[in-house]
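Novice: Below: one structure in structure tokens.
In the numbering used here, the protein residues as written are 3 to 122.
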């Protein structure tokens, strides 16, 4: 994967609901809303933000390493935006290399990991 620190791809996330069930189960709202805060809150929910992670949000609560590994097996996943520990977004191919440098926006605290693509 190519790493782009301080950058992210806005508004081109894969919808959590469109992901395979075992992956969509790690959507922050699905995984964390009912049990956090509290003793039953899963460790992965350190990335959960109750004020913004309502139903329909596309953020997943998983580590960056897990997200990169999962993205590798999702044909529609171009890459991963990592916001914080256990807070990631999968990006669609609308962030592809053809204009990746114009699509990736500077934002402190974010890092984008993009699948390597062949230069034509």
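Glycine is no exception: its CB is placed at the ideal position from the N, C-alpha and C atoms. Here the structure is a predicted model, which is why all the values come from computation and not from measurement.
Under the three-state reduction of DSSP, which class applies to residue 113: helix, strand or coil?
Specialist: Strand, per DSSP.
Novice: Between the beta-carbon of residue 115 and the beta-carbon of residue 82, is there less than 8 Å?
Specialist: Contact: yes.
Novice: Looking at residue 46: is its Cβ nearer than 8 Å to the Cβ of residue 63?
Specialist: Closer than 8 Å, so yes.
Novice: Can you tell me where the beta strand (DSSP E) holding residue 93 begins and where it ends?
Specialist: Unbroken beta strand (DSSP E) run through residue 93: 89-93.
Novice: Taking residue 118 and residue 4 to be in contact with their CB atoms under 8 Å, please state how far apart those CB atoms are, rounded to whole angstroms.
Specialist: Correct: roughly 6 Å between the Cβ atoms.
Novice: Can you check DSSP and say which residues form a bridge with residue 9?
Specialist: Residue 9 is bridged to 108.
Novice: Quick one: measure Cβ to Cβ for residue 75 and residue 15, integer angstroms, because I've assumed they're closer than 8 Å.
Specialist: In fact, because the Cβ distance is near 18 Å, the residues do not count as touching under 8 Å.
Novice: Exposed or buried, which one is residue 18 when buried takes at least 16 other CB atoms within 10 Å?
Specialist: So residue 18 ends up on the buried side.
Novice: Between residue 107 and residue 9, which are expected to be in contact by the criterion C-beta below 8 Å, what is the C-beta distance as a whole number of angstroms?
Specialist: The pair is a contact, with the Cβ atoms about 7 Å apart (cut-off 8 Å).
Novice: Please check the pair residue 94 and residue 80, which I expect to be a contact at CB under 8 Å, by giving their CB distance rounded to whole angstroms.
Specialist: That belief holds up - the Cβ atoms of residue 94 and residue 80 are roughly 6 Å apart, short of 8 Å.
Novice: In this structure, what does DSSP give as the bridge partners for residue 83?
Specialist: In the DSSP output, where bridge partners are listed per residue, residue 83 has 91, 114.
Novice: How many whole angstroms separate the CB atoms of residue 34 and residue 105, which I take to be in contact at a CB cut-off of 8 Å?
Specialist: The Cβ separation is near 29 Å, so there is no contact.
Novice: List the endpoints of the continuous alpha helix (DSSP H) containing residue 25.
Specialist: Where residue 25 is concerned, the enclosing alpha helix (DSSP H) stretches over 23-26.
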